[in-house]
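With the sequence shown counted from 1, adding 1202 to any position gets you this note's numbering. Glycine included, C-beta positions come from ideal geometry on N, C-alpha and C. Quick caveat, the model's predicted, so the values are computed rather than measured. Following: one structure in structure tokens, then a few remarks.
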Amino acid sequence: MDYAKRLERVSVLGAAGKMGSGIVLLTALEMADLSLDPAHRGLEFVLNAVDVSSKALGGLMKYLHAQVLRAAEKKAVTLRKVYEKREDLVENEEIIRQYVDDVLAIVRPTTRLESATDSRLVFEAVNEDPALKVKLFGAINTQGPGDTWFLTNTSSIPIHELNEKAGLGGRLMGVHFYNPPAVQKLVELIPADTTLPELAEFCREFAKKLRKTVVPSHDVAGFIGNGHFMRDALHGLAEAERLAKEYGFTDAVYMVNKVTQDFLIRPMGIFQLIDYVGLDVCRFILGVMNDRLPGRHLHSPRLEALIAKGILGGQFADGSQKDGFLKYEKGRPAGVYDPDKGAYAPIAELAARCDPRLGAPPKAWKPWKAVIGDAQRSEYLDGYFRELRGAATTGAKLARAYGRRSKEIGLGLVTDKVAAREDDVNTVLLTGFYHAYGPINAYFD
Ligand code: CAA
């Protein structure tokens, strides 16, 4: 079966979740482009967007409409060529509207899992729960024709384990997108030992057509991305606990978050990133890794305690950020959670107390957005980190220690043979987490 035929009938499970909705968007755009190619006349492209929540599916369709419209506006010139035979489409607006209609017509939102049984490709993006994934794969596999290919967006569960437990006979591949899938360039590809070579080849082609950067990861719990992120997050949590003894918990969280965002020039501080991914999702991933990597102690009592209080982070259906370690107003951090008081300490008060303690970042400092857009980024970073290495402020010392640990984690992933090369670790952080530089660098020794 060729590439287009395989993509003619697709289902995405967990379609209305934050990863699922991005996967539906990207897949629907690719399917629409195939359907508009005269070479595929006669094929009827259908994408079942399967989710347990019909309300969330309503939100998915709104998200898709807005995003497809943006995509159409960006490629209006190409679309004019695609629709050149349609004499009824003259104005740009008509062409754009037609494309949006064509993409959305492919997507069929449904709460019925049975819709997936006649799909040739099933993309799973449900919760990070091994038993749930195995149950869904097993149900579709036994009711379907027996030659369905399965992709999983699992961010930590070994693919060979899911393949064996669901009895898929090598028809499963790990295809791990990063949040938000529409923005992050990375797709981590994880074949199990038994994954069919033609399925692995299809996934490479699919990722390439989506214009993603592909990094292969070995089939080890957490893969490269979470292998790094989870250890980085645990380090951030440990640093905060250490600083809390001297400054108190809210000050410590503020300081570590500020150092990891500003001093290290990252898009988000580590606590904001944990909130963005979701404390409960991080706990799920850590649980999967901890069970499968004995002796690594990948867990956090602080995370457990906050989750027990209902502090979860993650996003609302409209994409806005829920409170977690930090409180958010208009998407920006506005407070830090104080577990003793059960309330958020205002960020302005924390800044007034903690910023002088940390000291100013190096003079060359620029925000992350300016750095990623800098045509001379590498020269800029050389100069910035030279200054950071020579600085004696508490902020600079914390940043250096953090950068060293981040590098050590990256090198460990190569030593442990999760990543084949140092470059792969760096590419994952650059393209999956939008970092301005890779963790394995000459800035920290
Ligand atoms: N869907 C589509 N587009 C989105 C989007 C979404 N859900 N969220 C943001 N965007 C777009 C915005 O529309 C905007 O587009 P334009 O530039 O064309 O206007 C662009 O992304 C930038 O967004 P903002 O201007 O709102 O905000 P920002 O500049 O701060 O960037 C961010 C937001 C891209 C999320 C950036 O902060 C970032 O990359 N943060 C790090 C996120 C990260 O580390 N992700 C990986 C998490 S780990 C993971 O996913 C794996 C796992 O298994 C846990």
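| Item | Value |
| --- | --- |
| Could you tell me the distance, in whole angstroms, from the CA atom of Ile-1359 to the CA atom of Val-1377? | 12 Å |
| If we ignore side chains and look at the alpha-carbon of each, how far apart do Phe-1518 and Leu-1266 end up? | 16 Å |
| When you measure from the CB of Gly-1376 to every non-hydrogen atom of the ligand CAA, does any distance come out below 7 Å? | no |
| Compute the Euclidean distance between the alpha carbons of Lys-1337 and Leu-1249, then round it to the nearest angstrom. | 21 Å |
| Kindly indicate the opening and closing residues of the beta strand (DSSP E) around Lys-1337. | Here Lys-1337 belongs to no beta strand (DSSP E); instead the alpha helix (DSSP H) covers 1332 to 1345. |
| Determine the DSSP secondary structure at Arg-1208, reduced to helix, strand or coil. | helix |
| Cβ-heavy atom distance between Gly-1526 and the ligand CAA below 7 Å? | no |
| What does the Cβ neighbour count give for Tyr-1205, buried or exposed, with the cut at 16 atoms within 10 Å? | exposed |
| In chain order, what residues of the same chain have a beta carbon less than 6 Å from the beta carbon of Pro-1393, not counting five sequence neighbours either side? | Met-1375, Ala-1402 |
| In whole angstroms, what separates the C-alpha of Thr-1397 from that of Lys-1511? | 41 Å |
| Rounding to the nearest angstrom, what Cα-Cα distance links Arg-1480 and Gly-1526 in this structure? | Reading off the sequence shown, one finds Gly at residue 1480, where the question assumed Arg. Their backbone Cα atoms lie some 8 Å apart in a straight line. |
| Is DSSP giving Ala-1550 helix, strand or coil here? | helix |
| Considering only DSSP beta bridges, list what Phe-1352 is partnered with. | Val-1324, Leu-1374 |
| CB of Phe-1518 to nearest heavy atom of the ligand CAA: below 7 Å? | no |
| In whole angstroms, give me the CA-to-CA distance for Lys-1207 and Arg-1243. | 11 Å |
| Report back the beta-carbon spacing between Phe-1587 and Tyr-1636 to the nearest angstrom; my notes put them in contact at under 8 Å. | 18 Å between Cβ atoms; not a contact. |
| Under the three-state reduction of DSSP, which class applies to Asn-1643: helix, strand or coil? | coil |
| Of all the options Arg-1310, Glu-1330, Val-1212, Glu-1210, which has the alpha carbon lying nearest to the alpha carbon of Met-1221? | Glu-1330 |
| Just to confirm my understanding: we take Arg-1310, look at its own chain, exclude 5 residues before and 5 after, and list those with CB closer than 8 Å. What are they? | Val-1248, Leu-1249, Asn-1250, Ala-1251, Ser-1317 |
| With a threshold of 7 Å, establish whether the CB of Val-1385 neighbours any heavy atom of the ligand CAA. | yes |
| In the DSSP assignment, the beta strand (DSSP E) including Pro-1399 goes from what residue to what residue? | Counting along the chain, Pro-1399 falls outside any beta strand (DSSP E), though it belongs to the alpha helix (DSSP H) covering 1399 to 1411. |
| Excluding five sequence neighbours on each side, which residues of the same chain lie with their C-beta closer than 6 Å to the C-beta of Asn-1628? | Gly-1640, Ile-1642 |
| Any chance the CB of Asn-1428 is under 7 Å from a heavy atom of the ligand CAA? | yes |
| So, at 8 Å on beta carbons, what are the nonlocal neighbours of Ala-1341 in its own chain, with the 5 sequence-adjacent residues on each side left out? | Leu-1315 |
| Helix, strand or coil for Lys-1287 per DSSP? | coil |
| Rounding to the nearest angstrom, what Cα-Cα distance links Val-1305 and Lys-1335 in this structure? | 28 Å |
| When the Cα of Arg-1607 is compared with those of Arg-1498, Leu-1436, Gly-1348, Gln-1345, which residue comes out closest? | Leu-1436 |
| Which stretch, first to last residue, makes up the beta strand (DSSP E) that contains Thr-1415? | 1415 to 1418 |
| Of the residues Leu-1475, Gly-1605, Phe-1451, which one's Cα is nearest the Cα of Lys-1543? | Phe-1451 |
| Is the beta carbon of Phe-1379 less than 8 Å from the beta carbon of Asn-1355? | yes |
| Can you tell me the Cα-Cα spacing of Ala-1442 and Gly-1424, whole angstroms? | 23 Å |
| Reducing DSSP to helix, strand and coil, say where Asn-1250 ends up. | strand |
| Measuring CA to CA, which of Asp-1290, Val-1422, Ala-1384 is closest to Thr-1617? | Val-1422 |
| Comparing C-alpha positions only, which one of Val-1212, Ala-1307, Gly-1369, Val-1538 sits nearest to Asn-1459? | Val-1538 |
| Ala-1234: which of Tyr-1301, Gly-1575, Gly-1260, Met-1263 sits nearest, CA to CA? | Tyr-1301 |
| Tell me the start and end of each unbroken alpha helix (DSSP H) in the segment 1207 to 1247 that is at least 4 residues and wholly inside, in chain order. | 1220 to 1237 |
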